Amino acid sequence: MPRTGPVTGPWRTKTASSAAGSQSLNRAGTLVAYGHCLWLYAVAGDADGPFPAGVTGVGGAAARPLRAAGLVAVVAEVDESEFGADALHRNLEDLGWLERTARAHHAVIEAVAGTYPVVPARLATVYSSAAAVETMLRERAADFREALARIAERSEWGVKAFVATPAGPDGPSGSPAEGSGRGAPGTGAAYLQRRREQLTARQDARREAVVSAQTVDAELARLSVSARRYPPQAPDLAGRSAAMVLNAAYLVADERADEFVAAVNELAARHPAVRLTLTGPWPAYSFAAPDGEAEDPR
Amino acid sequence: MSAGRDGGFTSQPDLPDAAGIGYGPAIRGERIALVDLLDRVLAGGVVIAGDVTLAIANVDLVTVNLRALITSVSNLAKPPTGAERNR
Chain A
162 MPRTGPVTGP WRTKTASSAA GSQSLNRAGT LVAYGHCLWL YAVAGDADGP FPAGVTGVGG
222 AAARPLRAAG LVAVVAEVDE SEFGADALHR NLEDLGWLER TARAHHAVIE AVAGTYPVVP
282 ARLATVYSSA AAVETMLRER AADFREALAR IAERSEWGVK AFVATPAGPD GPSGSPAEGS
342 GRGAPGTGAA YLQRRREQLT ARQDARREAV VSAQTVDAEL ARLSVSARRY PPQAPDLAGR
402 SAAMVLNAAY LVADERADEF VAAVNELAAR HPAVRLTLTG PWPAYSFAAP DGEAEDPR
Chain B
1452 MSAGRDGGFT SQPDLPDAAG IGYGPAIRGE RIALVDLLDR VLAGGVVIAG DVTLAIANVD
1512 LVTVNLRALI TSVSNLAKPP TGAERNR
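As given, the protein sequences belong to chains A and B, one line each in that order.
The opening position of the first sequence corresponds to residue 162 in this note's numbering, with each subsequent residue numbered one higher.
The opening position of the second sequence corresponds to residue 1452 in this note's numbering, with each subsequent residue numbered one higher.
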């Protein structure tokens, strides 16, 4: 199948009506040269304030404003050979690439969010041309305005709760059979007994942590405009051995940020069964979509 | 990276870790944990169909890398302490 063959070369097959690249496309779907696409970072209101200059995005190109329908799309040129649809599918499997790209995406959004409210776009939203972006802005204008109104003067805060590690040695690494249990009667039975106790203690700790986390979440939700729960991160990913029992994002009015932070602190003191982690303020990633449209119901 | 990242937002009280709360790096302009960032850029953000990435932006991304992540990040994110011995 020569047409759809190796993807390593600077060629691909595609039909498209327009492209920002230097080469023109062949409508017949035969070989065409790679050009440039536009990576979308965020959409902002066409407000006041100068666009932050010189913020470098995912492909190394500076982010720039693209205006239509009274909105500003924050975009930058990216090379289709790296950020086109085919390449993206490949590159997203590469963790190093994903990390670089995610951080660059975030850096631009954050820089712009310092100037005006922005609706962050999900990673890897790519257009073939400025015209395509403008069309999108016009078609989705009402949605964006609604989202902008929702997040204006509000920020996202992340709170995670981990099961607090009980004091003293524990965990599966302890090997009771090797220690002082040597002379004890029925070593095997004693070992099993201790093992059971350990497991029970861990289950209790977890149960308690879950209950605490529910209280924490409920209280923080009261201080927030909106809340969203992400699935708990796997211990390996979170970089901690303790189990995560809450991974939530809260949309908080900026004027209440101090209050929110103080509440997290106070809740942490009041609930020793969990260890809390606070991150923020973030651009409102988790609240870019209207309530109920979030994809993970958990 | 510039240091001016708390523009517009409230200043952050410097709370001691001893209070039982750990501040994530996002609060202090340090390096944000990749996993927290991925939660947001892969599952958050508004989903808009790009004409180049119609499907990608939608669903694929959320699951795309779980496989790769779980194997790779676990190596990257290992806590630095390696002492794990039984006396």
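All C-beta atoms in this analysis are idealised placements derived from N, C-alpha and C, irrespective of residue type, glycine included.
All values derive from a computational prediction rather than experimental measurement.
Simplified DSSP assignment, three categories, for residue i
| i | result |
| --- | --- |
| Thr262(A) | helix |
| Leu186(A) | Low confidence applies to Leu186(A): its pLDDT is 45, below 50, so where it sits in the model is not reliable, and the reading given next is rough at best. If DSSP states are grouped into helix, strand and coil, Leu186(A) belongs with coil. |
| His250(A) | helix |
| Thr276(A) | coil |
| Ser402(A) | coil |
| Asp240(A) | strand |
| Glu314(A) | coil |
| Pro333(A) | Because Pro333(A) carries a pLDDT of 45, less than 50, the predicted location of this residue cannot be relied on, and the following value inherits that uncertainty. Three-state DSSP puts Pro333(A) in coil, outside helix and strand. |
| Val204(A) | strand |
| Thr376(A) | helix |
| Gly319(A) | strand |
| Thr361(A) | helix |
| Val219(A) | coil |
| Arg1482(B) | coil |
| Ala229(A) | strand |
| Val235(A) | strand |
| Val1492(B) | helix |
| Arg324(A) | Arg is not the amino acid found at residue 324(A); the sequence shown has Val there. Strand, per DSSP. |
| Val1497(B) | strand |
| Ser447(A) | helix |
Exposure of residue i, with buried meaning 16 or more beta-carbon neighbours within 10 Å
| i | result |
| --- | --- |
| Ser289(A) | buried |
| Gln394(A) | buried |
| Asp365(A) | exposed |
| Leu1489(B) | buried |
| Glu271(A) | buried |
| Thr440(A) | buried |
| Arg301(A) | buried |
| Arg1479(B) | Per-residue confidence for Arg1479(B) stands at a pLDDT of 45, beneath the threshold of 50, marking its modelled position as unreliable; the derived number appears in the next sentence. Classification of Arg1479(B): exposed, given that the 10 Å Cβ count is below 16. |
| Arg431(A) | exposed |
| Thr262(A) | buried |
| Asn1516(B) | Residue placement at Asn1516(B) is poorly supported in this model, since its pLDDT is 49, which falls under 50; the coordinates are not used for a value here. |
| Ser385(A) | buried |
| Arg368(A) | exposed |
| Pro281(A) | buried |
| Asn348(A) | According to the sequence as given, residue 348(A) is Thr; it is not Asn. Exposed, because fewer than 16 other Cβ atoms sit within 10 Å of the Cβ of Thr348(A). |
| Pro433(A) | exposed |
| Glu358(A) | exposed |
| Glu420(A) | exposed |
| Arg401(A) | buried |
| Leu360(A) | exposed |
| Arg436(A) | buried |
Contact list for residue i against chain B, beta-carbon separation under 7 Å
| i | result |
| --- | --- |
| Gln394(A) | Val1486 |
| Glu260(A) | Leu1485 |
| Ala293(A) | Asp1502 |
| Val280(A) | Val1497 |
| Ala313(A) | Those do not exist, as Ala313(A) stays about 11 Å from chain B at its closest Cβ, beyond 7 Å. |
| Gly231(A) | Here the premise fails: no neighbours, minimum Cβ distance about 17 Å. |
| Ala133(A) | Here chain A comprises residues numbered 162 to 459, so residue 133(A) is not present and cannot be evaluated. |
Cβ separation of residue i and residue j, assumed to be a contact under 8 Å, to the nearest whole Å
| i | j | result |
| --- | --- | --- |
| Val204(A) | Val233(A) | 7 Å |
| Val279(A) | Cys198(A) | Their Cβ separation, rounded to whole angstroms, is 20 Å, which puts Val279(A) and Cys198(A) out of contact at 8 Å. |
| Pro226(A) | Phe212(A) | 5 Å |
| Asp1487(B) | Gly319(A) | 6 Å |
| Asp415(A) | Arg315(A) | 6 Å |
| Glu317(A) | Ala445(A) | 5 Å |
| Arg283(A) | Phe448(A) | Wrong, their Cβ atoms sit about 13 Å apart, outside the cutoff. |
| Ala370(A) | Val324(A) | 4 Å |
| Arg390(A) | Ala409(A) | 5 Å |
| Ala222(A) | Gly215(A) | Actually they are not in contact, since the Cβ atoms of Ala222(A) and Gly215(A) sit about 11 Å apart, beyond 8 Å. |
Partner residues on chain B for residue i, Cβ-Cβ distance less than 8 Å
| i | result |
| --- | --- |
| His266(A) | Val1492 |
| Ala366(A) | Per Cβ cutoff of 8 Å: no residues; Ala366(A) is ~15 Å from chain B at best. |
| Ser289(A) | Asp1502, Val1503 |
| Tyr446(A) | Arg1491, Val1492, Gly1495, Gly1496 |
| Arg301(A) | Ile1499 |
Residue i at chain D interface by Cβ criterion, 7 Å
| i | result |
| --- | --- |
| Tyr352(A) | Absent from the structure: chain D. Protein chains present are A and B. |
Proximal residues of chain B, C-beta to C-beta of residue i below 9 Å
| i | result |
| --- | --- |
| Arg357(A) | What Arg357(A) touches in chain B: nothing, since even the nearest Cβ is about 20 Å away. |
| Met405(A) | Simply none; closest approach about 10 Å. |
| Ala449(A) | Gly1495, Gly1496, Val1497, Val1498 |
| Tyr391(A) | Asp1490, Arg1491, Ala1494, Gly1495 |
**Request:** Go through the segment 278-311 of chain A residue by residue and report every complete run of the beta strand (DSSP E) that reaches 3 residues or more, in order.
**Result:** For secondary structure counted as the beta strand (DSSP E) over 3 or more consecutive residues, the segment 278-311 of chain A holds these complete runs in sequence order: 279-281.
**Prompt:** Taking the runs of the alpha helix (DSSP H) that are 4 residues or longer, which of them lie wholly in the segment 383-441 of chain A?
**Reply:** Taken in chain order, the complete alpha helix (DSSP H) segments of 4 residues or longer contained in the segment 383-441 of chain A are 396-399, 418-431.
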